[in-house]
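Colleague: Numbering (my numbering), first residue to last: 2 to 262. Below is one structure. I have some questions about it.
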């Protein structure tokens with residue numbers, strides 16, 4: 002499967018480019034929409050909640066602390082949710098191509114991951130510019146974002162592949178998980194800090210794999226610190242297991258999916 006993916010690498014790269022181009026075809030602002038959408042979300046939350054929650058972010062000597070906290074969390078969440086959201090209906094949307102053309106099916110989720118990572122990179126670059134304007138310092142701790150991004154992608158791809166394959170056979174899964182994803186967002190400390198949750202319930206956050214990842218993004222981008230490696234290692238192991246399950250399920254069900262589609 003991976004050998005065929007390498008053989009079709011030029012197809013994958015050109016498809017990622019075409020996917021990005023198609024998003025902004027005939028658009029005056031082009032790629033700026035990748036940045037505008039999440040930053041408008043940050044602006045809305047910051048205007049409404051900044052005065053309430055800024056005081057609950059200790060250790061940040063910046064009056065724009067809450068906006069920085071929001072952007073750091075959304076950087077992780079947007080990559081995670083975009084990969085899952087696109088994988089959910091990927092095989093249904095590409096049904097005609099899968100039935101009419103002979104090519105390695107693994108290229109489809111690879112194109113999705115590449116496109117989402119490119120969008121995330123554009124968002125990250127824009128956030129760095131905003132951080133600089135807000136007077137926030139950068140440190141070498143940001144290099145930890147490279148392995149963290151790989152873990153987020155692996156986790157999202159594993160979940161996305163499993164649900165995407167299942168959604169071909171049971172279409173309710175795609176509808177149901179979109180609702181679950183919205184609930185999941187609010188059960189992850191992105192808009193609010195963990196400190197507003199009563200101490201007796203904070204341990205429940207450990208059941209949320211995105212909590213550790215988002216917290217790591219906060220530690221790096223907000224506090225300029227190295228994340229807690231123990232919790233990250235556990236999530237990385239879970240992500241690898243889910244990705245392996247997703248790949249095995251995808252490989253086993255590929256032929257049957259074409260028949261169903």
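Just so it is clear, CB atoms sit at the ideal spot from N, CA and C, and this is done for glycine as well.
Please state the DSSP three-state secondary structure of residue 12.
Modeller: Looking at residue 12 - three-state DSSP - the assignment turns out to be helix.
Colleague: First and last residue of the alpha helix (DSSP H) that includes residue 130?
Modeller: It spans 108–134 - the alpha helix (DSSP H) in which residue 130 sits, taken as one unbroken run.
Colleague: Considering only residues of the same chain and omitting the five flanking positions on each side of residue 160, which have a CB-CB separation below 7 Å?
Modeller: Excluding residues within five positions, the ones whose Cβ falls inside 7 Å are 85, 243.
Colleague: Is the separation between the beta-carbon of residue 250 and that of residue 166 shorter than 8 Å?
Modeller: In this structure, residue 166 lies closer than 8 Å to residue 250 by Cβ.
Colleague: Suppose contacts are defined by Cβ-Cβ distances below 8 Å. Is residue 65 in contact with residue 219 by that definition?
Modeller: Cβ atoms of residue 65 and residue 219: not closer than 8 Å.
Colleague: Counting C-beta neighbours from all protein chains within 10 Å, is the total for residue 261 16 or more, i.e. buried, or is it exposed?
Modeller: The residue in question, residue 261, is exposed, as its Cβ has fewer than 16 Cβ neighbours within 10 Å.
Colleague: Can you check which of these residues, 175, 113, 134, is closest to residue 13 by C-alpha distance?
Modeller: Looking at the Cα atoms, 113 is the closest of the given residues.
Colleague: Which term fits residue 37, buried or exposed, when burial requires 16 or more other beta carbons within 10 angstroms of its beta carbon?
Modeller: Residue 37 comes out exposed.
Colleague: Could you work out which residue in 9, 17, 246, 194 is closest to residue 119 when comparing CA atoms only?
Modeller: Looking at the Cα atoms, 17 is the closest of the given residues.
Colleague: With DSSP run on the structure shown, which of helix, strand or coil describes residue 229?
Modeller: Coil at residue 229, not helix or strand.
Colleague: At 4 residues or longer, and completely inside the segment 193–220: list those alpha helix (DSSP H) runs for me, N to C.
Modeller: Listed in chain order, the complete alpha helix (DSSP H) runs (minimum 4 residues) inside the segment 193–220 are 200–203.
Colleague: What is the DSSP secondary structure of residue 153, counted as helix, strand or coil?
Modeller: If DSSP states are grouped into helix, strand and coil, residue 153 belongs with the helices.
Colleague: Go to residue 177, then tell me how far its alpha helix (DSSP H) extends in each direction, as first and last residue.
Modeller: Where residue 177 is concerned, the enclosing alpha helix (DSSP H) stretches over 173–187.
Colleague: Do you know whose CA, among 2, 40, 232, lies nearest residue 132's CA?
Modeller: For the residues 2, 40, 232, the minimum Cα distance to residue 132 belongs to 40.
Colleague: Is the beta carbon of residue 42 less than 8 Å from the beta carbon of residue 75?
Modeller: Taking 8 Å as the Cβ cut-off, residue 42 and residue 75 qualify as a contacting pair.
Colleague: DSSP on residue 75, reduced to helix/strand/coil?
Modeller: Note: residue 75 maps to helix in three-state DSSP.
Colleague: Use the C-beta contact count for residue 19: other C-beta atoms within 10 angstroms, 16 or more gives buried, fewer gives exposed.
Modeller: Looking at its Cβ environment, which holds fewer than 16 other Cβ atoms inside 10 Å, residue 19 is exposed.
Colleague: Please identify the residue among 103, 23, 232, 164 whose C-alpha is closest to the C-alpha of residue 93.
Modeller: Closest option to residue 93, Cα to Cα, is 164.
Colleague: Rounded to the nearest angstrom, what separates residue 78 and residue 257 at their Cα positions?
Modeller: So the two alpha carbons sit approximately 32 Å from each other.
Colleague: In chain order, what residues of the same chain have a beta carbon less than 8 Å from the beta carbon of residue 90, not counting five sequence neighbours either side?
Modeller: 165, 168, 175.
Colleague: Where does residue 150 land, buried or exposed, given buried means 16+ other C-beta within 10 angstroms?
Modeller: That one is buried.
Colleague: Tell me the residue span of the alpha helix (DSSP H) that contains residue 97.
Modeller: Element bounds for residue 97: 96–101.
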